[in-house]
Amino acid sequence: MRLHRLDITAFGPFGGSQRVDFDELSAAGLFLLHGPTGAGKTSVLDAVCFALYGAVPGARQGGSLRSDHAAPTTRTEVILELTVAGRRLEITRQPPFERPKKRVAGTTTEKAQSRLREYDASAGSWKDLSRSHQEIGEEITQLLGMSREQFCQVVLLPQGDFARFLRADAEARGKLLGRLFDTHRFAEVEKRLAERRRAAEAEVRDGDTALLADAHRMQQAAGDAMELPALAPGDPGLADAILGCAAVARSTARERLTIAHSARMAAESAQAAAGRLLDDVREVARLQRRFAQAREQAARLEERADAHRAAQARMERGRKAEAVAPALDLRAGAESENRRATAEETRTRAALPETFAGAGAPGLVSAARRAAEELGGLESARRAERRLAELAAERVELDRQERADEEALQDAESWLATWEATRTAFEERIESAQGAATRAEQLAVQRDPAQARLNAARQRDQFARDTDDARQQALACRERATETRAHWLDLKERRLQGIAAELAAGLVDGEPCAVCGGTEHPAPARKIAGHVGREAEEQALAAYQFADDQRTEAERRLGVVREALAAATAEAGDVPTAQLAEQAGELEREHAEARAAASGLHTARERLAQARLEHERRVAAQQQAALRAAARVSHRDRNDQEKASLEGELDQARGAAGSVAARAGELERQVALFTEAADAVRAAEDTAQRLKDADARLADAAFRAGFDTPRAAADALLDDAAHRDLQRRLDAWQSEESAVRAVLAEADTMAAAQQPPADLPAAEQAADSAARRLREASSAQDAAARRCGELDRLSTRATASVRRLAPLREAYDRVARMAGLAAGTSADNERKMRLESYVLAARLEQVAAAATVRLLRMSSGRYTLVHSDDRAGRGRSGLGLHVVDAWTGRERDTATLSGGETFFASLALALGLADVVTDEAGGVRLDTLFIDEGFGSLDEQTLDEVLDVLDSLRERDRSVGIVSHVADLRRRIHAQLEVVKGRTGSVVRQRGDQD
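Per our numbering, the sequence shown starts with residue 1, numbered consecutively.
Spelled out as structure tokens, the structure:
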């Protein structure tokens with residue numbers, strides 16, 4: 001990295017604009033930056049750091065960068081031109097600026113601005129690369145390969161810091177070296193190993209806890225046959241101890257199972273013998289109870305013997321009465337039929353005339369025959385009577401037709417009298433309607449153009465109002481589009497400022513970065529408050545696009561409405577809408593009146609045609625009525641003659657009855673009564689004879705069956721229900737008697753009856769005791785078997801757990817050894833050195849070797865810096881730094897150096913550190929270095945040697961700027977940059993090597 005130009009405006013103590021030409025100062029290789037205290041020498045270096053990283057060194061952060069001497073309208077700005085990695089760049093930085101408002105009182109704050117440009121040698125011009133703070137910072141950090149802290153330690157060598165570093169303890173050295181060499185990843189390795197050790201330890205403890213829980217379950221299952229080891233989860237040997245205890249418990253449980261099995265077999269034999277004895281006693285008791293019950297039942301049967309014999313006699317008489325049953329049924333049927341026939345005869349005789357009350361069946365049949373013959377002779381008179389009724393109906397119909405024709409003739413004559421007047425009126429109405437139709441056609445030609453012009457005038461007025469509304473809406477849409485675009489651009493700028501944090505959110509350890517390609521991400525950016533993400537920016541862009549679409553649509557609608565307004569104005573002209581509406585209304589009213597008058601033309605024509613048809617119809621009806629009247633006179637005469645002939649015939653046939661139909665009805669009733677009475681008399685005579693025959697058969701059947709009278713046979717007869725009940729009782733008595741005799745005849749029962757009474761309770765008690773002992777033995781065996789099964793299951797699970805935990809224990813031991821080594825707590829780590837300290841010690845050893853090369857020249861070969869691994873007290877080991885005095889041959893602490901010796905030793909250390917950090921950063925050339933203060937503590941000879949060392953840096957094509965106010969340096973170094981302070985602010989004066 002080589003600096004070319006630095007422009008400072010209103011920065012720090014510089015109130016105006018100042019320029020530093022580093023190309024001129026670097027030409028000599030060594031230049032001096034001097035000035036009185038407080039003039040702003042360090043501010044020049046702060047400006048370089050601010051231009052590169054957007055912030056000043058850590059010790060001077062937090063204050064305002066703006067010069068108090070600057071004018072209110074002058075903005076603070078730093079411009080740095082440099083070459084890095086073969087690229088010539090220009091960086092412009094402007095911090096936030098609070099300036100006076102232009103139109104009103106007060107101030108407004110402008111946001112910070114940054115710009116990065118690159119010089120294109122082929123085009124001979126500068127090319128913009130970025131205006132994002134974050135992108136510029138990432139680009140510069142990537143090109144330099146150093147963070148801001150590393151840059152401030154390597155390029156801006158603060159001698160006070162390195163003097164303190166030289167005398168500091170191991171902890172302080174570790175903090176500084178950790179920042180410079182970014183060794184926090186090794187601390188992360190320590191932390192990760194410790195976390196993995198804790199996680200593995202937790203897994204082992206969890207496995208041991210589960211294993212110990214299974215051991216407790218085995219102890220519960222084994223009872224007093226198992227003792228647990230006095231070990232806690234995580235203790236060594238816990239798994240083997242538990243498996244050993246489980247094996248002993250399983251062996252004991254199997255022995256107990258064998259004993260329980262033998263006890264159960266003995267109990268089963270005893271229970272079987274007691275069961276057989278109980279069965280024998282129960283059988284004897286059953287037979288004794290059976291014999292006693294049979295004796296008691298036989299006594300009861302003897303008591304019911306008389307009733308049984310009576311039932312047998314009753315059953316015998318019932319069987320004899322069954323032979324008389326058919327004769328009894330026949331006699332009952334005949335008696336019932338005789339009663340019904342007698343009642344029917346009495347009923348029919350009551351309806352006959354008194355002269356036939358005692359007549360027999362032949363006399364009644366003869367009377368019915370005579371009445372039927374008389375009824376047949378009345379058929380001709382019936383036909384005459386029906387024809388006479390038809391003639392009367394025809395006479396009524398002729399009278400009605402005569403009255404109707406007379407009314408039709410009168411109506412036709414009345415209507416035809418007004419025919420001429422009606423026809424004339426219709427013809428006049430037709431002529432008037434034709435004239436109105438012609439007028440309506442003329443007005444229609446004038447009405448349509450007037451209405452079209454009125455509609456155009458109304459559209460003209462509406463479009464004028466729509467144009468004003470569309471103009472206002474288009475203006476509002478343009479304002480909204482402008483506001484949303486400004487908001488979107490603001491969010492986009494804010495997102496670009498925080499794009500590093502957004503990219504860092506997607507970083508994954510071990511995967512390449514999308515920007516730099518690195519697989520390690522030691523310090524990813526973090527999102528700050530108010531961070532704008534992709535979603536917020538896309539929402540703002542969508543809102544802007546929506547507002548812009550609305551603006552375009554509003555402008556399009558405004559153009560459409562304007563075109564419509566012009567077209568409506570061209571058609572309607574400038575005549576007011578009200579006047580056009582009045583003219584169109586007058587034409588519409590006249591046209592409506594004419595159309596209303598003309599609308600009756602069709603109706604008048606139709607009514608005239610209908611009137612003519614009606615005239616023709618009435619004339620024809622008048623003629624038809626006259627013809628019908630002549631025909632009715634002839635018809636009425638024929639009917640009168642036929643009526644007179646029929647009335648004479650009917651008077652002879654009716655006799656005393658009111659009509660032929662009445663006489664015929666009377667004869668029909670007589671025929672029916674005589675016939676029914678004759679049938680009833682014959683039926684009564686037949687049923688009386690059948691009843692007499694049934695009585696004779698019944699008496700004969702009762703005598704043959706052994707009964708004195710038919711009544712006795714009827715009383716002895718049993719119905720079905722009584723027969724079944726009596727038979728059931730006889731069968732039951734017989735069955736019971738047979739069963740009792742069979743029981744009393746059984747040999748086993750007789751033998752049991754002769755034995756003493758059986759002692760069943762004693763036998764049952766002995767059987768229960770044997771069964772209880774068997775159950776207890778079975779329960780004991782089942783419990784022993786379950787205990788063995790549970791111990792086997794738990795032992796199998798414990799064995800599987802031990803196998804599963806074996807890899808975890810191995811992994812835990814391996815991780816624990818690694819974590820102990822990395823943390824410095826392991827016995828294998830002899831110096832108790834942490835991993836980070838080990839890496840820092842290696843870096844410190846490199847720094848000491850690089851510093852010794854220059855320290856030997858500065859001290860005329862006397863002093864050498866060496867790295868020490870010794871542990872200082874309780875602090876961290878591996879970060880010791882000693883100086884070897886070649887004059888004495890002794891190694892001593894750096895705190896024993898004098899002030900001048902401390903300066904050139906710290907200067908050598910700083911230069912060595914710069915070389916190591918540069919190599920660590922990927923070999924980026926640092927062509928410009930700054931050394932701040934400390935030269936006043938050197939004597940003249942040592943100062944010459946130090947300057948010779950610094951001057952030798954030009955061999956590596958470097959330029960070194962010394963920041964000091966020592967007067968002797970101004971004589972020795974010709975290229976100078978002087979900072980002069982004044983009441984209006986500081987200014988710089990530059991002098992080259994040739995001046």
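We put the beta carbon where it would ideally sit given N, CA and C, even for glycine. None of the values given here were measured: they were computed from a predicted structure.
Cβ pair count under 8 Å reaching 3, the region 313-332 against the region 778-786: no
Cβ-Cβ distance between Leu865 and Val883 below 7 Å: yes
Proximity of Leu580 and Leu454 at Cβ, strictly below 7 Å: yes
Stretch-stretch touch, CB-based, cutoff 8 Å, three pairs: the region 82-97 with the region 1-11: yes
Segments of 4+ residues assigned as alpha helix (DSSP H) that fall wholly inside the region 824-861: 835-858
Alpha carbon of Ala849 to alpha carbon of Glu77, nearest angstrom: 41 Å
Residue from Ala210, Ser17 and Thr888 with nearest C-alpha to Ile242: Ala210
Through-space distance from Asp915 to Ala112, alpha-carbon basis: 35 Å
Rounded straight-line distance, which links the Cα of Ala701 to that of Ala327: 7 Å
Where Val561 falls: helix, strand or coil (DSSP): helix
Bridge partners - Val20, DSSP secondary structure assignment: Leu6
Any beta strand (DSSP E) of 3 or more consecutive residues that is wholly inside the region 271-342: Taken in chain order, the region 271-342 contains no complete beta strand (DSSP E) segment of 3 residues or longer.
Cβ contact check for the region 428-439 and the region 594-606: 3 or more pairs under 8 Å: yes
Reduced DSSP secondary structure (H/G/I, E/B, other) of Gly961: strand
Asp490 versus Glu483 - alpha carbon distance: 11 Å
Unbroken alpha helix (DSSP H) run spanning Ile79, endpoints: Run containing Ile79: none in the alpha helix (DSSP H); it sits in the beta strand (DSSP E), Glu77 to Val84.
Alpha carbon of Pro996 to alpha carbon of Val204, nearest angstrom: Any property of residue 996 remains undetermined from this structure, which presents the chain solely from 1 to 995.
Beta carbon of Leu558 nearer than 7 Å to that of Ala474: yes
The region 958-971 touching the region 18-37, judged by at least three CB pairs closer than 8 Å: yes
Same chain only: Cβ atoms within 6 Å of Val802, ignoring 5 sequence neighbours per side: Ala239
Endpoints, beta strand (DSSP E) assigned at Ser130: Ser125 to Ser130
Ala762, buried or exposed, once every other Cβ within 10 Å from all chains shown has been counted against 16: exposed
Rounded straight-line distance, which links the Cα of Asp893 to that of Leu969: 30 Å
Where Val189 falls: helix, strand or coil (DSSP): Helix at Val189.
At least 3 beta-carbon pairs within less than 8 Å: the region 727-743 vs the region 269-286: Judged by Cβ distances under 8 Å, the region 727-743 makes no contact with the region 269-286, as fewer than three pairs qualify.
Buried versus exposed, by CB contacts within 10 Å (16 or more), Pro1027: What is shown of the chain runs 1 to 995, which leaves residue 1027 out entirely.
Three-way DSSP call (helix, strand, coil) for Gly174 in this model: helix
Own chain, CB closer than 8 Å to Gly923, minus 5 neighbours either side, in chain order: With a pLDDT of only 46 at Gly923, under the threshold of 50, the placement of this residue in the model should not be trusted, and no figure is reported.
Exposed unless 16 or more other CB atoms sit within 10 angstroms - verdict on Phe546: Here Phe546 is exposed, its C-beta having fewer than 16 other C-beta atoms within 10 Å.
Residues near Glu845 in its chain [Cβ-Cβ closer than 8 Å; skip 5 each side]: His867
Spatially closest choice to Ala696 from Ala332, Ala123, Leu231 and Ala51, by CA coordinates: Ala332
DSSP-derived helix/strand/coil call for Pro96: coil
Exposed unless 16 or more other CB atoms sit within 10 angstroms - verdict on Met226: Buried: at least 16 other Cβ atoms inside 10 Å.
Asp768, DSSP secondary structure in three states: helix
Cβ separation of Leu587 and Ala450, assumed to be a contact under 8 Å, to the nearest whole Å: 5 Å
Touching by the beta-carbon criterion (3+ pairs, under 8 Å), the region 676-686 and the region 410-424: no
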